[in-house]
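J.: Chain order of the listed sequences is A and P. Heads up, the final residue of the first sequence is numbered 177 in this note's numbering, and it's a clean run with no missing numbers. Heads up, the final residue of the second sequence is numbered 566 in this note's numbering, and it's a clean run with no missing numbers. Even glycine gets a Cβ: it sits at the ideal position worked out from N, Cα and C. Just so it is clear, the structure is predicted and the values come from calculations on it, not from any experiment. Have a look at this one before I ask anything.
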Amino acid sequence: MPVAWPQQPAPTRKWVMRKFIHGYYRVLNWLLVGSVAILIIPVSLQIFSRFTQLIPSYIWTEEMARFLFIWMIMLGAMIGIRDGAHFDVDLWPELKPRPNALLRIVSSVFVLMFALVFIWYGIKFVQFGWDQSSELAEMPMNYIFIAWPLSGLTWVLFLGERFLHDLRTLAEKPPA
Amino acid sequence: MTGGVAFSPALAALVLFGVFFGLMFLRVPVAFALGLACLPVMLFEDRLSPMIIFNETFKSYNSFILLAVPFFLLTANLMNAGGITDRLVRLSRDLVGHFPGGLAQVNVVLSIFFAGISGSSTADAASQGKIFINAQVKEGYDLSFSVAITAVSAVLAVIIPPSILMIVWGGTLTVSIGALFLAGIIPGLLLGLVQMATVHAYAKLRNYPKYARSTFREVVAALAVAVPALMTPVIIIGGKVFGWFTATESAAIAVLYAAVLSIFFYREMSSRALYDALADTGKLAAVALFCVGTASAFGWLLAYYQIPKALLAGVGSWGMGITGTGFFIAFCFLMVGCFLDAIPAIIIVGTILEPLARAVNMDPVHFAMVGIISLAFGLVTPPYGLCLMISCAIAKVRMVYVLKDVAIMLLPMLGVLAATIVWPEIILFLPQLVSPELLK
Numbered sequence: 002m003p004v005a006w007p008q009q010p011a012p013t014r015k016w017v018m019r020k021f022i023h024g025y026y027r028v029l030n031w032l033l034v035g036s037v038a039i040l041i042i043p044v045s046l047q048i049f050s051r052f053t054q055l056i057p058s059y060i061w062t063e064e065m066a067r068f069l070f071i072w073m074i075m076l077g078a079m080i081g082i083r084d085g086a087h088f089d090v091d092l093w094p095e096l097k098p099r100p101n102a103l104l105r106i107v108s109s110v111f112v113l114m115f116a117l118v119f120i121w122y123g124i125k126f127v128q129f130g131w132d133q134s135s136e137l138a139e140m141p142m143n144y145i146f147i148a149w150p151l152s153g154l155t156w157v158l159f160l161g162e163r164f165l166h167d168l169r170t171l172a173e174k175p176p177a
Numbered sequence: 127m128t129g130g131v132a133f134s135p136a137l138a139a140l141v142l143f144g145v146f147f148g149l150m151f152l153r154v155p156v157a158f159a160l161g162l163a164c165l166p167v168m169l170f171e172d173r174l175s176p177m178i179i180f181n182e183t184f185k186s187y188n189s190f191i192l193l194a195v196p197f198f199l200l201t202a203n204l205m206n207a208g209g210i211t212d213r214l215v216r217l218s219r220d221l222v223g224h225f226p227g228g229l230a231q232v233n234v235v236l237s238i239f240f241a242g243i244s245g246s247s248t249a250d251a252a253s254q255g256k257i258f259i260n261a262q263v264k265e266g267y268d269l270s271f272s273v274a275i276t277a278v279s280a281v282l283a284v285i286i287p288p289s290i291l292m293i294v295w296g297g298t299l300t301v302s303i304g305a306l307f308l309a310g311i312i313p314g315l316l317l318g319l320v321q322m323a324t325v326h327a328y329a330k331l332r333n334y335p336k337y338a339r340s341t342f343r344e345v346v347a348a349l350a351v352a353v354p355a356l357m358t359p360v361i362i363i364g365g366k367v368f369g370w371f372t373a374t375e376s377a378a379i380a381v382l383y384a385a386v387l388s389i390f391f392y393r394e395m396s397s398r399a400l401y402d403a404l405a406d407t408g409k410l411a412a413v414a415l416f417c418v419g420t421a422s423a424f425g426w427l428l429a430y431y432q433i434p435k436a437l438l439a440g441v442g443s444w445g446m447g448i449t450g451t452g453f454f455i456a457f458c459f460l461m462v463g464c465f466l467d468a469i470p471a472i473i474i475v476g477t478i479l480e481p482l483a484r485a486v487n488m489d490p491v492h493f494a495m496v497g498i499i500s501l502a503f504g505l506v507t508p509p510y511g512l513c514l515m516i517s518c519a520i521a522k523v524r525m526v527y528v529l530k531d532v533a534i535m536l537l538p539m540l541g542v543l544a545a546t547i548v549w550p551e552i553i554l555f556l557p558q559l560v561s562p563e564l565l566k
């Protein structure tokens, strides 16, 4: 790579950004854990209301479970980019750090493209759901649709962090 | 087609598969490669727009059936965190530890037990890799054998019910999940037996060690401790088959049961372990299911251009019967399984092959199980075999190092697969016996 990337960007700004990204990441993690834990409640209510007379059979349990589930998937997909948890297929022989970083940058560019699609068309998706509400609980559908553009934005943020890391690896001198 | 750009089916297929494989080669995650491959077609074809990606992903995530996936994962994670695995290891050791290659036999038997609780092979490979690989090497087993048997036995988790693959298959191709659960039991146990025989042969040839035989009292004691955990599959499968609960509800019951068991009965669960179990569940379920969405968009485009029909146009004229078609289906899934994760493979290839199976009157449950078993084998075939990758990562060896042993272990398993194709009764016997109304 011909461009000489600065080895150390302005230290304070980098620190603040890192801290922000990591804090955001931890919030997402807590939300994900919360969504998994809460998911069990509406489904259990549904069963207990069918077999016992203790609680009325709420009509919204199934819908609430589905909507939480959608959020769980989208949150996990957001976090998965920072964790490198999305499955990929490695057909390459073991690469040295620099070629490896280059390949990671190439694949990140494509993921970034998909993130931008999620933001651009995701906003249209939200506009489309502007005056829709859910069938049973009459919740605005945008509470759900917003997860798509938000995923796009989150990916851009996490990918940016990864780009910086890989560019730094590229800029490092290969061991003699 | 009206004006502008209109793709012919052949061109659409070329673009879809070309972009997908190209991106995969560049190590773009599969879920994203599938979504990106849809874009050129959706952008340039007049009558389509990328909004289809949103419709299709939303529709696939907005599914009460798939909700069973995180619940099954959570059940397994809670049991792991709650110390249940240790009890099952002890039971397995008391049962088969005195056979030649004792520890490796324990490895296989634990996989069978675990398969009845968990529906995910990757979870099995990860947890057992940590328990067994090092321990086996210390006792004098070869490293490549130890890695291979851990990976290969983990495959059972998606064949013995409950199974995430059965949920996805039942959900996307509308087959009774209860029938699939019952259908998986016999082939799964057969595969387990075949693996134990393979371990036996290895142990005899290479003089692997065995443990002293446990006394009858020890076996009974271990069994008594483990029985509550072993009730989990009974609850899940029974609840589903007898129609008390839906698949998702029975999975939720299993979660509650596992939580009660770990917290009140075995009492080893810390709050940290609970958090980790929830986080692991969310992450693994989410990345697997996210892929369902983009794979569905991809599959939607294949159907839009009627590509499956074009691909299979020649095959229909070969005049294969059920058996011939079965072998063809198994071959396709085995090939695809080398390169693709099982869940997107079901959504894309399963829908492509379904008309073929229907044309020869193959039972949908038979078709499903042949597909699921073949795809399960794909979990240990290179270059993309998740279980093999996980086991190798734990042992810090490269995949090439263990391939020979994996191939040897797979051969008799392929024999079992062939048997299920030739004799559909192996698969259909239990569903017909317990609840014939679930079939057809």
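Cβ closer than 7 Å: which chain P residues qualify as neighbours of asparagine 143/A?
T.: In the first sequence, the residue the question calls residue 143/A occupies position 142. Per Cβ cutoff of 7 Å: no residues; asparagine 143/A is ~12 Å from chain P at best.
J.: Counting only beta-carbon separations shorter than 8 Å, does leucine 92/A have a partner in chain P?
T.: What you label residue 92/A is simply residue 91 of the first sequence in a count that begins at 1. It does: the Cβ of leucine 92/A has a partner Cβ on chain P nearer than 8 Å.
J.: Give the residues of chain P in contact with serine 45/A, contact being defined as C-beta atoms less than 7 Å apart.
T.: For the purposes of this step, residue 45/A is identified with residue 44 of the first sequence, where counting begins at 1. Going along chain P in sequence order, the residues near serine 45/A (Cβ under 7 Å) are Ala378, Leu382.
J.: So, helix, strand or coil for serine 135/A, using DSSP?
T.: Taking the first residue of the first sequence as position 1, residue 135/A is located at position 134. Looking at serine 135/A - three-state DSSP - the assignment turns out to be coil, as it is neither helix nor strand.
J.: Between the segment 407-427 of chain P and the segment 193-210 of chain P, do at least 3 Cβ pairs fall closer than 8 Å?
T.: The answer is yes - the segment 193-210 of chain P touches the segment 407-427 of chain P, with three or more Cβ pairs under 8 Å.
J.: Is it right to say leucine 171/A is buried, meaning 16 or more other beta carbons lie within 10 angstroms of its own, or is it exposed?
T.: Position 170 of the first sequence, counted from the first residue, corresponds to residue 171/A. Looking at its Cβ environment, which holds 16 or more other Cβ atoms inside 10 Å, leucine 171/A is buried.
J.: Kindly say whether glycine 408/P, judged by its beta-carbon, lies nearer than 8 Å to any beta-carbon of chain A.
T.: Here the question's residue 408/P lines up with position 282 in the second sequence. Yes, because at least one Cβ of chain A sits closer than 8 Å to the Cβ of glycine 408/P.
J.: Express the C-alpha separation of proline 57/A and phenylalanine 371/P in angstroms, rounding to a whole number.
T.: Position 245 of the second sequence, counting from 1, holds the residue named residue 371/P. Position 56 of the first sequence, counting from 1, holds the residue named residue 57/A. Their backbone Cα atoms lie some 18 Å apart in a straight line.
J.: What are the residues that DSSP puts in a beta bridge with proline 141/A?
T.: Reading the first sequence from its first residue, position 140 is the one you call residue 141/A. Ser134/A.
J.: Please name the residue in Pro354/P, Gly369/P, Gly364/P, Ala412/P whose C-alpha comes closest to that of valine 386/P.
T.: Within the second sequence, numbered from 1, the residue matching residue 386/P stands at position 260. When each option's Cα is compared against that of valine 386/P, the closest is Pro354/P.
J.: Quick check: the Cα distance between proline 562/P and leucine 556/P, rounded to an integer number of angstroms?
T.: On the second sequence, position 436 is the one that residue 562/P refers to. On the second sequence, position 430 is the one that residue 556/P refers to. Taking the straight line from one Cα to the other gives about 9 Å.
J.: Taking CB distances under 8 Å as the criterion, tell me whether methionine 2/A reaches chain P.
T.: Taking the first residue of the first sequence as 1, we reach residue 2/A at position 1. Low confidence applies here, because methionine 2/A scores a pLDDT of 34, under 50, leaving its location unreliable; read the following figure in that light. Chain P contact via Cβ: absent.
J.: Does the segment 376-396 of chain P come within contact of the segment 340-348 of chain P, defined as at least 3 CB pairs closer than 8 Å?
T.: Segments in contact, no.
J.: Could you name the residues of chain P that valine 37/A contacts, counting a contact when the two beta carbons are closer than 7 Å?
T.: In the first sequence, the residue the question calls residue 37/A occupies position 36. Per Cβ cutoff of 7 Å: Pro196, Leu200, Leu404, Thr407, Gly408.
J.: Between alanine 485/P and the rest of its own chain, which residues show a CB-CB distance below 7 Å, the 5 nearest in sequence each way excluded?
T.: Numbered from its first residue, the second sequence carries residue 485/P at position 359. Correct list, in chain order: Gly442.
J.: At a Cβ threshold of 8 Å, is asparagine 206/P touching chain A?
T.: Locating residue 206/P in the second sequence gives position 80, counting from the first residue. It does not: the Cβ of asparagine 206/P has no partner Cβ on chain A nearer than 8 Å.
J.: If we ignore side chains and look at the alpha-carbon of each, how far apart do glutamate 480/P and leucine 140/P end up?
T.: Here residue 480/P is taken as the residue at index 354 of the second sequence, counted from 1. Here residue 140/P is taken as the residue at index 14 of the second sequence, counted from 1. Cα to Cα, glutamate 480/P sits roughly 22 Å from leucine 140/P.
J.: Tell me the DSSP secondary structure of tyrosine 527/P in three-state form.
T.: Against the second sequence, residue 527/P aligns to sequence position 401. Helix, per DSSP.
J.: For lysine 97/A, which of helix, strand or coil comes out of DSSP?
T.: Taking the first residue of the first sequence as 1, we reach residue 97/A at position 96. Three-state result, lysine 97/A: coil.
J.: Are at least three pairs of beta-carbons, each pair with one atom in the segment 81-94 of chain A and one in the segment 120-133 of chain A, less than 8 Å apart?
T.: No, the segment 81-94 of chain A does not touch the segment 120-133 of chain A.
J.: With distances taken Cα to Cα, identify the nearest neighbour of alanine 421/P among Gly476/P, Leu437/P, Gly228/P.
T.: Translated into positions along the second sequence, residue 421/P becomes position 295. When only C-alpha atoms are compared, the closest one is Gly476/P.
J.: Where in the segment 401-483 of chain P do unbroken runs of the beta strand (DSSP E), each at least 3 residues long, occur, reported from the N-terminal end onward?
T.: DSSP runs (the beta strand (DSSP E)) wholly in the segment 401-483 of chain P: none.
J.: How many angstroms separate the CA atom of isoleucine 106/A from the CA atom of proline 100/A?
T.: Looking up residue 106/A in the first sequence gives position 105. Looking up residue 100/A in the first sequence gives position 99. Cα to Cα, the separation comes out at about 10 Å.
J.: Would you decide whether tryptophan 444/P is buried or exposed? Buried here means 16 or more other CB atoms lie within 10 Å of its CB.
T.: The sequence position of residue 444/P within the second sequence is 318, counting from 1. Label assigned to tryptophan 444/P: exposed.
J.: Nearest chain A C-beta to tyrosine 328/P closer than 8 Å, yes or no?
T.: Translated into the one-based positions of the second sequence, residue 328/P becomes position 202. So no, tyrosine 328/P is outside the interface.
J.: If I measure Cβ to Cβ from cysteine 417/P and keep anything under 8 Å in the same chain, skipping five residues before and after, which residues do I get?
T.: The residue given as residue 417/P occupies position 291 in the second sequence. Once the five neighbours on either side are set aside, the close Cβ partners of cysteine 417/P are Val156, Ala157, Leu160, Asp467, Ile469, Pro470.
J.: Rounded to the nearest angstrom, how far is the Cβ of serine 585/P from that of threonine 211/P, given a contact under 8 Å?
T.: This structure leaves residue 585/P out entirely; chain P is present only between 127 and 566.
J.: Using a beta-carbon distance below 8 Å, is alanine 138/A in contact with chain P?
T.: The residue given as residue 138/A occupies position 137 in the first sequence. No, alanine 138/A does not count as interfacial toward chain P.
J.: For tyrosine 187/P, which three-state DSSP category applies?
T.: Mapped onto the second sequence, residue 187/P falls at position 61. Tyrosine 187/P falls in the helix class under three-state DSSP.
J.: Our contact map puts cysteine 518/P next to alanine 280/P with C-beta atoms below 8 Å; I'd like the distance itself, whole angstroms only.
T.: Counting from 1 along the second sequence, the entry for residue 518/P is found at position 392. Counting from 1 along the second sequence, the entry for residue 280/P is found at position 154. Actually they do not touch by this definition, with Cβ atoms about 12 Å apart.
J.: Which residue marks the beginning of the alpha helix (DSSP H) containing aspartate 489/P, and which one marks its end?
T.: Residue mapping note: residue 489/P aligns to position 363 of the second sequence, counting from 1. Unbroken run through aspartate 489/P: none, as it is neither H nor E.
J.: Is the beta carbon of alanine 202/P sitting closer than 8 Å to the one on isoleucine 259/P?
T.: Within the second sequence, the letter at position 76 stands for residue 202/P. Within the second sequence, the letter at position 133 stands for residue 259/P. In this structure, isoleucine 259/P does not lie closer than 8 Å to alanine 202/P by Cβ.
J.: Flag leucine 306/P as yes if its beta-carbon sits less than 8 Å from any beta-carbon of chain A, otherwise no.
T.: As a working note, residue 306/P is residue 180 in the second sequence. It does not; no Cβ of chain A falls within 8 Å.
J.: Using Cβ-Cβ distances below 7 Å, what residues of the segment 157-185 of chain P are close to chain A?
T.: So the list reads Ala157, Phe158, Gly161, Leu162, Leu165, Pro176, Met177, Phe180, given in the order they occur along the chain.
J.: Could you say which of Gly228/P, Ile498/P, Met292/P, Tyr431/P lies nearest to arginine 173/P if we only look at CA atoms?
T.: Position 47 of the second sequence, counted from the first residue, corresponds to residue 173/P. Per the Cα distances, Tyr431/P.
J.: Determine the burial state of lysine 366/P: buried for a count of at least 16 other Cβ atoms within 10 Å of its Cβ, exposed for fewer.
T.: Numbered from 1 along the second sequence, position 240 holds the residue referred to as residue 366/P. Label assigned to lysine 366/P: buried.
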